[in-house]
Amino acid sequence: MKEKKLDQLLDQLDPAAKKEYEYVLLKLLNETFPIEYLTLLLQEMNPSEIRKFQKLMNVRTQKTAEIDGLLQIIKLKVNTTSGKISVLKAITYTLIDIYTGENPDLTDSDFLSKENEIINKFGQWHYFWALRMFPRRSDAIDKRLEELIQSANGMKQSQDTSILKPPIDQKETKVSKETLIIKQERQLRQENEKTITRLNKEIKEINKAMDQLIKANNDLSKKLISTEKDLLDVQNQNTQLSKEVSQLEYENKYLVREITQLNSRISEYEEQELTLKQINEAEKSRLLEQVEVYKNNDSSPSFKAEGLIEIIHKDALKKLNLINLRTIDLTEKQNLRYEITQMLNLASQIESYFIVQSENHQESDIATSSNEHSQINKSVSEVAVATNIETEDASVTDTLSSNELKRSGTFYRREHGGYIIFDDGQQSVITESIVNAVGLEHEAEVECTKRQRGDGSAYQYIQLLFQGDDTYAPIVQYLGYIELGEHFKYYCVDIHDNNNRYLIHERDVAFHNPTNGVPCLFNVSLERGEYARISKIYKNHEDMKSEDDVFHPKKTDEKIKKPPKNIAPFLQGCKIAVIGGQAKWFESVVKETGAEFVHENGEHPERIFAELRKSNALFKLLTATSHGATISGVEIAKEHNIPHFTIEGSKSNLRNLLWSNRDIIREGGRKQ
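Number 671 marks the last residue of the sequence shown (numbering that gives the first Met the number 0); no jumps.
Structural data, given as structure tokens:
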């Protein structure tokens with residue numbers, strides 16, 4: 000509370016009075032502390048006030064009311080500046096009630112006029128110290144204080160309590176001494192005031208210099224920020240220029256590479272043109288010789304047919320060479336392919352009617368060329384494969400050679416084409432065009448027969464035994480279009496979602512020579528997913544639309560029931576019996592479900608009847624050897640309430656049947 004009163008008192012003082020009060024405190028701090036006057040002040044206090052005084056000084060004695068012990072502590076404290084400050088602070092708090100009272104704006108004249116009133120209320124030594132520390136100093140205050148000091152000195156000698164009245168018999172020497180002291184104090188006060196004025200002036204000068212330094216620092220900071228901003232702009236411009244230089248260097252390298260490739264292609268075209276010219280000259284000479292031979296040789300229909308077929312093959316080869324030159328547009332290429340197909344169909348029909356019929360050998364021909372002597376003849380044979388596939392239903396046949404070799408294997412899909420792993424561990428690569436021509440899907444079961452034509456070229460006759468399932472292939476196939484992007488790069492874009500946009504592989508760019516906006520079918524690897532490999536290029540959008548109907552048919556019950564990939568086994572504890580085909584065609588699909596697998600190809604159905612009676616379901620694949628066995632198997636299944644289903648020639652169909660009928664299969668055979 001007293002601290003609050005002191006703060007209020009100091010706030011009410013004007014600047015001059017505050018300065019005077021600071022001078023009073025400074026003077027008390029610089030002079031010897033008057034312990035004798037403080038002793039008299041303490042003697043006027045009651046025990047409660049003494050305890051408060053001790054608390055304000057933050058000291059303790061064994062007996063709180065013992066003044067001697069407290070004085071000893073005060074004598075030690077006043078030897079230091081901090082101790083002196085704490086004692087003056089305690090005295091100020093003790094006298095605060097005298098200063099405030101009923102009139103906080105007390106002047107020096109009012110304070111002197113209320114001397115008796117203050118003495119009667121607080122005590123004479125309280126008034127002495129209040130006058131000594133009065134904040135508004137004046138000559139009257141100083142004069143009265145000198146009188147009180149003289150009285151106090153006289154009282155100290157005579158132990159007289161009435162010191163407020165000036166002594167009558169005081170010696171003149173004592174007065175002179177006190178006067179000298181007061182004069183010295185005034186001189187010291189004036190010197191201190193000069194020192195304070197000088198220090199204030201120096202402080203002002205220092206503050207002014209500091210303001211100038213702060214202003215200069217602020218200016219330098221602004222310049223630094225501006226310089227840093229300019230530096231950042233320069234760095235950004237440098238980075239942008241570096242990017243542009245890198246881009247130009249990349250484009251330059253790309254263009255140099257393109258020029259090199261074009262020069263290489265031009266060289267290849269020139270070599271091919273020279274080779275074709277030589278071949279044409281040789282063929283022309285050979286045909287003239289053959290004409291002479293035909294004139295002198297047997298005129299039987301088969302002999303003439305062989306010559307006619309050879310002429311057709313040569314014409315087809317010429318058209319194929321035109322396609323390989325890549326100097327014509329896409330539409331003309333497609334027209335040439337169609338003409339080649341028709342020519343090869345005609346050759347096959349002539350051969351079937353005039354030659355093969357006479358030798359009584361009729362077999363369909365789905366083949367890939369393996370002529371090891373000429374790359375041009377390989378391309379002609381690939382076209383022949385596609386042609387023979389289309390005309391298989393017309394019973395187009397070929398002559399089997401004496402060293403015919405059959406091998407079975409499984410086809411595996413790649414992002415471009417695929418490969419066949421035969422049962423003996425050997426492999427054979429299949430091109431994308433053959434995959435599309437034969438219609439092979441992932442894990443399809445095939446049989447390849449090595450044959451030899453009459454001209455000595457060898458080929459593989461590919462027969463699809465059991466279709467696979469592209470759902471489990473390591474690729475994704477999209478219908479879309481070709482787009483010319485930035486930096487002369489070509490992309491394949493999904494027609495249903497343009498976010499599916501992939502860079503075309505450089506091999507396909509070199510081979511197909513793509514055009515912006517052309518519809519196509521392309522594959523993307525699930526593992527890498529970086530490049531698009533072109534599977535087909537369509538002649539127009541109508542052809543792609545018909546292909547799109549195959550890719551996105553209307554929803555049917557079978558399509559809705561299609562099993563998801565990587566599903567957990569859902570037929571554990573069940574037994575599935577399959578009749579027809581080979582065991583390896585079905586085993587992996589059945590074991591995916593967790594069921595036990597039982598199989599019979601149909602030649603000895605009695606071997607499976609015992610296991611069939613314990614099975615949960617019967618699946619049958621109708622083949623030439625399994626027809627009779629399936630009839631017997633169905634009868635046993637009906638007899639034992641076993642559900643039976645027909646496999647429609649593919650692993651995909653078998654998976655759908657197992658998934659969509661899983662509840663029926665689990666219940667199969669329980670009602671026996």
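Built from N, CA and C at the ideal position, the CB exists for glycine as well. These numbers come from a predicted model, not from an experiment.
In the DSSP assignment, residue 412 falls outside any alpha helix (DSSP H) and within the unbroken beta strand (DSSP E) covering 404-412.
Cβ contact annotation for residue 193 (same chain, cutoff 7 Å, sequence separation greater than five): none. Rounded to the nearest angstrom, the Cβ distance from residue 514 to residue 321 is 19 Å, too far for a contact under 8 Å. Taking C-beta atoms under 8 Å as the contact rule, residue 629 and residue 602 fail to qualify, at a distance of about 12 Å. In the DSSP assignment, the residues bridged to residue 645 are 619. Remark: fewer than three beta-carbon pairs, one from each stretch, lie closer than 8 Å, so the region 455-462 and the region 495-504 are not flagged as touching. Ranked by Cα distance from residue 522, the options 510, 633, 145 and 535 are led by 535.
The Cβ-Cβ distance between residue 593 and residue 570 falls below 9 Å. The residue from 495, 199, 91 and 539 with its alpha-carbon nearest to that of residue 516 is 539. Residue pairing by DSSP puts residue 427 in a beta bridge opposite 419.
Secondary structure of residue 517 (DSSP, three-state): coil. Your pair residue 578 and residue 599 checks out as a contact, with CB atoms roughly 5 Å apart and the cut at 8 Å.
When the beta-carbon positions are compared, residue 464 and residue 333 stay at least 9 Å from each other.
The region 572-631 is shown to contain whole alpha helix (DSSP H) runs of 4 or more residues at 582-591 and 608-612, in chain order.
Residue 575 and residue 423 have their C-alpha atoms roughly 28 Å apart. Taking all protein chains in view, the Cβ of residue 40 is crowded by 16 or more other Cβ atoms within 10 Å, so the residue is classified as buried. For residue 449 and residue 407, the gap between their C-alpha atoms comes out near 12 Å. With respect to the 9 Å criterion, residue 479 and residue 519 are classified as neighbours on the basis of their beta carbons. Note that the C-beta distance between residue 504 and residue 531 is below 9 Å. If you check the CB distance, residue 467 and residue 614 do not come in under 9 Å. Burial is judged here by how many other beta carbons sit within 10 angstroms of a residue's own beta carbon; residue 619 has at least 16 and is buried.
Leaving aside the five residues that flank residue 315 on each side, the residues in its chain whose CB is nearer than 7 Å to its CB run, in chain order, 339, 342, 343 and 379.
With a beta-carbon spacing of about 14 Å, residue 529 and residue 473 fall beyond the 8 Å limit used to define contacts.
Comparing alpha carbon positions, the residue from 47, 262 and 76 closest to residue 509 is 262.
A contact is defined here as three or more CB-CB pairs under 8 Å, and the region 122-130 meets this definition with respect to the region 36-53. In chain order, 308 and 311 place their CB closer than 6 Å to the CB of residue 346, counting only its own chain and leaving out the 5 sequence neighbours on each side.
If you draw a straight line from the Cα of residue 431 to the Cα of residue 489, it comes to about 20 Å. The Cβ neighbour count for residue 651, taken over all protein chains shown within 10 Å, is at least 16; the residue is labelled buried.
Residues 409 and 444 of the same chain have their beta carbon placed closer than 8 Å to that of residue 583, with the five preceding and five following residues left out of the count. For residue 209, the number of other beta carbons within 10 angstroms of its own is below 16, and it is reported as exposed.
Looking at the DSSP output, residue 533 sits in a beta bridge with 521.
Using a 10 angstroms sphere on the CB of residue 75, the tally of other CB atoms stays under 16, which defines it as exposed. Between the alpha carbons of residue 495 and residue 477 lies a distance of about 9 Å. At a Cβ-Cβ threshold of 9 Å, residue 97 and residue 129 count as neighbours. In this structure residue 86 is in contact with residue 73, their Cβ atoms being roughly 6 Å apart against a cut-off of 8 Å.
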